[in-house]
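Visitor: One structure is given below, represented as structure tokens, and several questions about it will come after.
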Amino acid sequence: MANVILKDLTKRYGGGALTAVSSLNLSIEDGEFLVLVGPSGCGKSTALRMIAGLEEITSGEVSINDNVVNDVHAKDRDIAMVFQNYALYPHMSVYDNMAFALQIAKFPSEEIKKKVHEVAAILQLEPFLKRRPGQLSGGQRQRVAMGRAIVRQPSVFLMDEPLSNLDAKLRVQMRSEIARIQDRLQVTTIYVTHDQIEAMTMGDRVALMKDGMLQQVDTPSNIYGRPA
Ligand code: ADP
Ligand code: ADP
Numbered sequence: 061m062a063n064v065i066l067k068d069l070t071k072r073y074g075g076g077a078l079t080a081v082s083s084l085n086l087s088i089e090d091g092e093f094l095v096l097v098g099p100s101g102c103g104k105s106t107a108l109r110m111i112a113g114l115e116e117i118t119s120g121e122v123s124i125n126d127n128v129v130n131d132v133h134a135k136d137r138d139i140a141m142v143f144q145n146y147a148l149y150p151h152m153s154v155y156d157n158m159a160f161a162l163q164i165a166k167f168p169s170e171e172i173k174k175k176v177h178e179v180a181a182i183l184q185l186e187p188f189l190k191r192r193p194g195q196l197s198g199g200q201r202q203r204v205a206m207g208r209a210i211v212r213q214p215s216v217f218l219m220d221e222p223l224s225n226l227d228a229k230l231r232v233q234m235r236s237e238i239a240r241i242q243d244r245l246q247v248t249t250i251y252v253t254h255d256q257i258e259a260m261t262m263g264d265r266v267a268l269m270k271d272g273m274l275q276q277v278d279t280p281s282n283i284y285g286r287p288a
């Protein structure tokens with residue numbers, strides 16, 4: 061578990077012509093589920109990618125667990141990320157999809173087995189471990205993508221519009237699924253979306269972003285009012 065602190069985090073593109081993220085200041089607490097919400101193009105993905113180490117920082121700082129990580133490579137940041145266009149390995153079983161990163165990292169096979177089964181239980185994927193991704197529903201595939209990311213027990217979990225390729229019914233179902241899983245794992249999570257309903261229903265806190273800047277950071281009920 062870890063906190064994430066952004067200090068004057070800024071990203072400019074095109075030699076300074078466009079400020080995609082403008083002096084973002086934000087603290088995400090240990091175990092918190094923060095939703096970063098705003099219209100398309102407001103800089104959410106760019107901010108998330110800088111936290112992940114996938115985008116160069118123009119100025120400012122990203123700290124994880126009180127350590128500045130600006131110069132730490134993405135793979136050494138103890139972060140896992142799920143995108144909207146997650147790609148599972150189509151020829152591997154669900155089990156192998158989730159085990160793969162641990163195998164690469166040379167974990168002992170008994171430990172891999174234990175971790176994969178733990179995560180599969182939380183995600184309710186145990187009945188499907190022998191199937192291939194093509195034999196799963198969209199929601200099941202989405203859960204495998206999450207499982208693959210969290211099986212390494214990252215300190216920080218980043219999600220960028222993970223539900224936007226699902227149909228409306230599944231999206232509703234997965235909103236509460238993801239919130240339940242995060243609650244169970246208590247992993248510090250930053251969730252990017254343009255969907256205000258996701259922000260309202262999923263986060264412990266919501267950070268509203270517009271034109272590269274933070275407008276407001278508060279609980280969903282303080283921002284959107286209490287649900288009727
Ligand atoms: P969001 O995730 O909120 O939709 P983005 O972070 O993707 O917003 O984009 C923020 C702004 O930065 C947009 O104006 C976008 O066009 C611009 N942008 C994003 N990535 C690049 C890039 N690689 N080069 C130039 N401009 C970019
Ligand atoms: P999202 O809003 O989910 O980030 P986009 O379609 O805006 O998705 O961006 C997809 C990719 O294209 C990202 O890697 C982003 O950095 C890049 N991108 C976005 N806008 C621009 C732009 N104006 N110029 C160059 N690359 C861009």
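Per the numbering used here, residue 61 is the first one in the sequence shown, and the count goes up by one each step.
Ideal placement from N, C-alpha and C gives every residue a C-beta, glycine not left out.
(1) Determine the direct distance from the alpha carbon of N125 to that of V132, and round the result to whole angstroms.
(2) Relative to ligand 1, is the shortest distance from any of its heavy atoms to the C-beta of L78 smaller than 7 Å?
(3) For V252, which residues of its own chain have a beta-carbon under 7 Å away from its beta-carbon, when the five flanking residues on both sides are left out?
(4) Taking the alpha-carbon positions, what's the A147 to E92 distance?
(5) Could you check whether D278 and L94 sit closer than 8 Å to each other, using their CB atoms as the reference points?
(6) Between which two residues does the beta strand (DSSP E) harbouring A80 extend?
(7) Tell me the rounded alpha-carbon separation between H254 and L268.
(8) By a C-beta neighbour count over all protein chains shown, 10 Å radius and 16 as the cutoff for buried, is K71 buried or exposed?
(9) Between L245 and E170, what straight-line distance do the alpha-carbon atoms span, to the nearest angstrom?
(10) Is S83 close to ligand 1? I mean its beta-carbon at under 7 Å from any heavy atom of the ligand.
(11) So, V142 versus A209, is the Cβ gap smaller than 8 Å?
(12) Give every residue of the same chain whose Cβ lies closer than 6 Å to the Cβ of S123, excluding the five residues on either side of it in the sequence, and list them in chain order.
(13) Would you say Y73 touches ligand 1, meaning its beta carbon is less than 7 Å from a heavy atom?
(14) Can you say whether Y73 is buried or exposed, counting buried as having 16 or more other CB atoms within 10 angstroms of its CB?
(15) Just to confirm my understanding: we take D271, look at its own chain, exclude 5 residues before and 5 after, and list those with CB closer than 8 Å. What are they?
(16) When you compare only the Cα positions, how much space is there between E237 and G207?
(17) Give the single residue among D156, V154, I250, G75 whose Cα lies nearest to the Cα of T118.
(18) With distance defined between alpha-carbon atoms, name the residue in A77, I257, S281, M262 nearest to P99.
(19) Looking at R212 and V154, is the spacing between their C-beta atoms short of 8 Å?
(20) Should K104 be counted as a contact of ligand 1 given a C-beta to heavy atom distance under 7 Å?
Guide: Well, looking at it:
(1) Position 72 of the sequence shown, counting from 1, holds the residue named residue 132. Position 65 of the sequence shown, counting from 1, holds the residue named residue 125. Cα-Cα distance, rounded: 13 Å.
(2) Position 18 of the sequence shown, counted from the first residue, corresponds to residue 78. Because some heavy atom of ligand 1 lies under 7 Å away, the Cβ of L78 counts as near it: yes.
(3) Translated into positions along the sequence shown, residue 252 becomes position 192. Within the same chain, V252 has close Cβ partners L96, K104, S105, L108, M219, D220, E221.
(4) Position 87 of the sequence shown, counted from the first residue, corresponds to residue 147. Position 32 of the sequence shown, counted from the first residue, corresponds to residue 92. One C-alpha to the other measures close to 27 Å.
(5) As a first step, residue 94 is located in the sequence shown; it is residue number 34 there, counting from the start. As a first step, residue 278 is located in the sequence shown; it is residue number 218 there, counting from the start. Not a contact, by the Cβ cut-off of 8 Å.
(6) Working through the sequence shown from its first residue, we reach residue 80 at position 20. According to the DSSP assignment, A80 belongs to the beta strand (DSSP E) that extends over 78-88.
(7) Numbered from 1 along the sequence shown, position 194 holds the residue referred to as residue 254. Numbered from 1 along the sequence shown, position 208 holds the residue referred to as residue 268. Rounded to the nearest whole angstrom, the CA to CA distance from H254 to L268 is 10 Å.
(8) The sequence position of residue 71 within the sequence shown is 11, counting from 1. With 16 or more Cβ atoms within 10 Å of its Cβ, K71 is classed as buried.
(9) As a position in the sequence shown, residue 245 is number 185, starting the count at 1. As a position in the sequence shown, residue 170 is number 110, starting the count at 1. Rounded to whole angstroms, L245 to E170 spans 22 Å at the Cα level.
(10) Here residue 83 refers to the residue found at position 23 of the sequence shown. No, the beta carbon of S83 sits no closer than 7 Å to any heavy atom of ligand 1.
(11) If you number the sequence shown from 1, residue 142 lands on position 82. If you number the sequence shown from 1, residue 209 lands on position 149. It is a contact, given that the beta carbons lie within the stated cut-off.
(12) As a first step, residue 123 must be located in the sequence shown, where it is residue number 63. If we look at S123 and ignore the five residues flanking it on each side, its Cβ neighbours are I65.
(13) Counting from 1 along the sequence shown, the entry for residue 73 is found at position 13. Yes, Cβ of Y73 sits closer than 7 Å to a heavy atom of ligand 1.
(14) Along the sequence shown, one-based indexing puts residue 73 at 13. Label assigned to Y73: exposed.
(15) Mapped onto the sequence shown, residue 271 falls at position 211. So the list reads S82, C102, G103, once near-sequence residues are dropped.
(16) Taking the sequence shown and counting its residues from 1, the one referred to as residue 237 is at position 177. Taking the sequence shown and counting its residues from 1, the one referred to as residue 207 is at position 147. Going by the C-alpha atoms only, they are around 13 Å apart.
(17) What you label residue 118 is simply residue 58 of the sequence shown in a count that begins at 1. Among D156, V154, I250, G75, the Cα nearest to that of T118 belongs to G75.
(18) Here residue 99 corresponds to residue number 39 of the sequence shown, with the count starting at 1. Residue I257 is the option with its Cα nearest to P99.
(19) Your numbering for residue 154 matches position 94 in the sequence shown. Your numbering for residue 212 matches position 152 in the sequence shown. Pairing V154 with R212 gives a Cβ-Cβ distance that is not under 8 Å.
(20) Position 44 of the sequence shown, counted from the first residue, corresponds to residue 104. Yes, Cβ of K104 sits closer than 7 Å to a heavy atom of ligand 1.
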